[in-house]
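In our numbering, the protein residues as written are 1463 to 1575. The structure appears right after this line, and notes come after that.
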C-alpha cells in the first residue's frame, strides 16, 4: 500500500498534461487615458493564424500555441478595437467610451402643483 501512496504523491505535484488548444497565453493589460491596451505573447505564430474576438468587455484570443480570455473592466467601445503583431507580441487597443453626464430629477414624493 505504501508504494501506491508514494506513486500518487509523486504524480500529484507533476504538471498536468493539458491539451494544446487549452493552454493559456501570457498577457498583460494596462489602462491608458483613452484606451485599454492588452499585450498577448504569441511567439512563433503566423499572424494569419491568430483570431481575436471582442464581445462586450470580454476578449478572446485564439492561436495555435494557446488561447487567452480576459475581461476589461472599463467601459469600452468594442467597435474601435485595433490589433497588431510585432515580434511575437499581439497588441490590442480597445478605446474607452466617453463618460456621459446625465442630470437626474429626484422624486420627493410630494405633489408639485
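No residue lacks a Cβ here, since even glycine has one placed at the ideal position from N, Cα and C. Computed from a predicted model, the values in this text were never measured in an experiment.
The DSSP-derived three-state label of residue 1509 is helix. In the DSSP annotation of this structure, the continuous segment of the beta strand (DSSP E) that includes residue 1528 starts and ends at 1528-1533.
Comparing alpha-carbon positions, the option among 1553, 1561 and 1518 lying closest to residue 1541 turns out to be 1518. Considering only 1507, 1546, 1558 and 1500, the residue with the shortest C-alpha distance to residue 1531 is 1500. For residue 1521, the number of other beta carbons within 10 angstroms of its own is at least 16, and it is reported as buried. Under the three-state reduction of DSSP output, residue 1486 falls in the strand class.
Residue 1501 sits in a strand when the DSSP states are folded into three classes.
Residue 1550 and residue 1515 have their C-alpha atoms roughly 19 Å apart. Judged by DSSP in its simplified three-state form, residue 1541 adopts helix. Distance from the CA atom of residue 1547 to the CA atom of residue 1526, rounded to whole angstroms, is 15 Å. With a cutoff of 8 Å on beta-carbon distance, residue 1538 and residue 1556 are scored as near each other.
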